[in-house]
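Structure record follows, encoded as structure tokens.
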Amino acid sequence: MSDWNTDELITADKRFAWHPFTNMREWCAPEHEPLVLVEGKGALLRDSKGREYIDGNSSIWTNIHGHNHPHINAAIREQLDRIAHTSFLGFTNPPAIKLARAIIDLFPEGTLSRVLYSDDGSTGIEAALRITDQYWRIQSSRRQEFIAFQNGYHGDTAGAASLGGAAMFQVGHSRWKFPATLIPDLKALERISAMEVAKIAAVVIEPLIQGAAGMKLWPSGTLRAVREWCDRSGALLIVDEVMTGFGRTGRMFASEHEEVLPDIMVLGKGLTGGYLPLAITLVTEQIFSRFDGSVSEGKALAYGHSYTGNALGCAAALASLDVFKSENVLEHLGPKIHQMNAELEPIKNLPAVREVRQCGLIAGIELSAPDKDSSKLALDVCMAARSHGLLTRPIRDVIVLMPPLCITSQQLTAAIEAIQSSIVDVCGGQNP
Ligand SMILES: Cc1ncc(COP(=O)(O)O)c(C=O)c1O
185 MSDWNTDELI TADKRFAWHP FTNMREWCAP EHEPLVLVEG KGALLRDSKG
235 REYIDGNSSI WTNIHGHNHP HINAAIREQL DRIAHTSFLG FTNPPAIKLA
285 RAIIDLFPEG TLSRVLYSDD GSTGIEAALR ITDQYWRIQS SRRQEFIAFQ
335 NGYHGDTAGA ASLGGAAMFQ VGHSRWKFPA TLIPDLKALE RISAMEVAKI
385 AAVVIEPLIQ GAAGMKLWPS GTLRAVREWC DRSGALLIVD EVMTGFGRTG
435 RMFASEHEEV LPDIMVLGKG LTGGYLPLAI TLVTEQIFSR FDGSVSEGKA
485 LAYGHSYTGN ALGCAAALAS LDVFKSENVL EHLGPKIHQM NAELEPIKNL
535 PAVREVRQCG LIAGIELSAP DKDSSKLALD VCMAARSHGL LTRPIRDVIV
585 LMPPLCITSQ QLTAAIEAIQ SSIVDVCGGQ NP
């Protein structure tokens with residue numbers, strides 16, 4: 185049934201690997217048996233012992249069209265047979281050129297029009313901050329401060345972490361902190377004094393929904409209001425679509441729901457369909473035009489990584505865009521989103537469930553039980569879900585359901601039933 189020596193693999197993992205955001209003492213404890221994932225097909229994953237699961241959080245919010253998609257596989261193989269990687273510093277390559285064009289074509293002409301490649305969501309955000317900082321410095325402007333929102337999350341590199349509210353992801357009270365002020369909401373934005381406004385370089389926001397905050401939904405119209413505030417104040421708007429991009433919210437980009445075009449947009453995670461690490465920082469021609477000049481004038485962008493414009497990643501991303509078209513992915517999303525909404529309804533009535541939030545094909549189920557540690561409950565529920573054939577991971581007290589967009593109707597029902605049964609297993613109550 186399975187050729188894997190699971191015990192050997194786990195022993196080696198516990199001896200040599202370091203897993204992020206993980207209590208390594210618990211992970212390495214003899215009684216902990218990590219799942220070793222070895223295969224996938226569509227929305228399903230298989231472990232080294234041959235057990236099958238629904239990928240309930242799209243492999244940490246990355247997978248879009250499913251695992252082992254024939255078209256994306258073929259595109260990567262075709263590119264691999266030519267070459268895997270060459271430098272984008274001083275050279276260029278066909279997939280990176282084609283992808284830049286294809287991404288720009290997703291936006292109205294004359295808006296977002298330049299693509300900067302990096303490696304993941306964090307570096308995409310880092311690049312956005314560095315572009316903004318240099319953009320204002322080139323103009324000898326005093327705008328050096330960033331505004332971000334409390335509980336937001338934009339990644340772990342030092343600049344990105346400075347924008348994040350979640351304590352776990354912060355670099356601590358360190359000297360690394362970038363000049364960022366975290367505000368709770370729109371009202372706080374409106375209250376910033378004129379003197380302070382003149383120093384603001386950019387506002388950074390996750391559109392529609394704050395992911396790592398626990399799938400918290402912004403009141404409708406927030407993004408649009410932030411856009412209008414930026415227009416009035418002259419600050420740039422940086423929209424972080426790392427989680428929401430590529431169909432998650434029901435549209436290609438969450439910003440479309442409020443007809444907002446930012447000055448800078450960051451894409452990551454689903455960009456390659458969840459296959460390879462790649463990010464894009466998109467900017468307007470207006471921003472790009474300020475960098476028109478020589479290195480000695482300080483006009484060359486002072487940011488870039490070795491794997492920038494990686495050909496395999498770009499080939500995967502191009503193939504993922506093809507799949508959006510060939511499989512009418514966005515058109516098929518509406519019914520799935522409705523189904524998720526309807527089938528989550530009974531979960532709201534479970535005694536341990538405080539709130540169920542949904543945005544497109546993303547759901548957060550917040551638990552709360554008197555005298556119990558809700559985060560521990562959520563973790564236990566996610567562990568219990570494994571025995572019901574679902575893999576997911578909580579954010580503190582919130583269980584996340586965010587399957588690949590290709591999930592079938594049957595699988596979606598199974599995933600929601602798995603969560604429901606697991607909550608009942610762990611917290612009591614009855615299956616409605
Ligand atoms: C909204 C948002 N921005 C940025 C990031 C960072 O992306 P990465 O983990 O690929 O660095 C994440 C990751 O969860 C995210 O949700």
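Using our numbering, read the sequence shown as starting at 185 and increasing by one per residue.
In this text, a Cβ means the ideal position worked out from N, Cα and C, and glycines have one as well.
None of the values given here were measured: they were computed from a predicted structure.
* **Beta-bridge partners of A364, as assigned by DSSP** => The partner list for A364 (beta bridge, DSSP) reads F330.
* Asked: When the Cα of A385 is compared with those of P391, S417, L407, which residue comes out closest?
  -> That would be S417, whose Cα lies nearest to the Cα of A385.
* **Rounded C-alpha distance that separates S302 from T246** => Near 16 Å, if we compare the C-alpha coordinates of T246 and S302.
* Asked: Mind checking whether S242 and P587 have CB atoms under 8 Å apart?
  -> Yes, they are a contact pair.
* Residues surrounding ligand 1 [beta-carbon distance to nearest heavy atom under 5 Å] -> So the residues near ligand 1 by this Cβ test are D304, G305, S306, H338, G339, E390, G395, D424, V426, M427, G452.
* To do: Please report the residue range of the beta strand (DSSP E) in which E539 lies.
  => Residue range 537 to 543 is occupied by the beta strand (DSSP E) that includes E539.
* So what's I591 in DSSP terms, helix, strand or just coil? -> Coil, per DSSP.
* Asked: When DSSP builds the beta bridges, which residues end up paired with A463?
  -> Partner(s): S302.
* Can you give me the Cβ contacts of V222 inside the same chain, cut-off strictly under 7 Å, excluding the 5 residues immediately before and after it? => Its chain contains W188, R230, D231, S232 as the residues whose beta carbon lies nearer than 7 Å to that of V222, once the 5 sequence neighbours on both sides are disregarded; these appear in chain order.
* **Cβ-based neighbour list, T190, same chain, cut-off 7 Å, excluding 5 preceding and 5 following** => So the qualifying residues of the chain are V220, S232, K233.
* **Cα-Cα separation, I579 to E481** => About 45 Å.
* Would you say the segment 465 to 485 touches the segment 250 to 262, given that touching needs at least three Cβ pairs under 8 Å? -> Verdict: no, contact absent.
* To do: Output the residue ranges of the alpha helix (DSSP H) runs that lie fully inside the segment 256 to 306 and measure 4 residues or longer, sorted by chain position.
  => Here the runs fully enclosed are 278 to 288.
* To do: Assign V381 to one of three DSSP states: helix, strand, or coil.
  => Three-state result, V381: helix.
* N533 burial status per 10 Å Cβ neighbour count (16 or more: buried) -> So N533 ends up on the exposed side.
* Would you tell me roughly how many angstroms separate the C-alpha atoms of F333 and T597, rounded to the nearest one? => Spanning the two alpha carbons is a distance of roughly 34 Å.
* To do: Tell me, to the nearest whole angstrom, how far the beta carbon of G224 is from that of H251; I am working on the premise that it is less than 8 Å.
  => Right, their Cβ atoms sit about 3 Å apart.
* To do: Could you say if the segment 533 to 552 and the segment 488 to 506 meet the contact criterion of at least three C-beta pairs nearer than 8 Å?
  => In short, these stretches do not touch, since the Cβ pair count stays below three.
* Asked: Under a three-way DSSP split, which group does K509 fall into?
  -> Residue state, collapsed to three classes: helix.
* For F362, which residues of its own chain have a beta-carbon under 6 Å away from its beta-carbon, when the five flanking residues on both sides are left out? -> Leaving aside the five residues that flank F362 on each side, the residues in its chain whose CB is nearer than 6 Å to its CB run, in chain order, G343, S346.
* **P530 (DSSP reduced to helix, strand or coil)** => In the three-state reduction of the DSSP assignment, P530 falls in the helix class.
* Mapping DSSP to helix, strand and coil, what is Q394? -> In the three-state DSSP reduction, Q394 falls in the strand class (E or B).
* To do: Would you mind working out which of R327, V507, L401 sits nearest N335, comparing C-alpha positions?
  => Of the candidates R327, V507, L401, L401 places its Cα closest to the Cα of N335.
* Asked: DSSP on M399, reduced to helix/strand/coil?
  -> Note: M399 maps to coil in three-state DSSP.
* Taking M567 as part of the alpha helix (DSSP H), name the residues at either end of that continuous run. => Boundaries of the alpha helix (DSSP H) around M567: 558 to 571.
* Asked: Looking only at C-alpha atoms, which of E515, E511, V513, A547 sits nearest to A526?
  -> Ranking the options by Cα distance to A526, first place goes to A547.
* Could you tell me the distance, in whole angstroms, from the CA atom of V355 to the CA atom of I309? => Confidence is the limiting factor: at V355 the pLDDT is only 49, short of 50, which leaves the residue's position unreliable, though a coordinate-based value still follows. Taken atom to atom, the span from the alpha-carbon of V355 to that of I309 is near 16 Å.
* Asked: Straight-line CA distance for V423 to P214?
  -> About 44 Å.
* Boundaries of the beta strand (DSSP E) in which M586 is found, first to last residue -> Premise fails: M586 is in no beta strand (DSSP E) and is neither H nor E.
* Asked: How many Å lie between G613 and I531 at the Cα?
  -> Roughly 11 Å between the two C-alpha positions.
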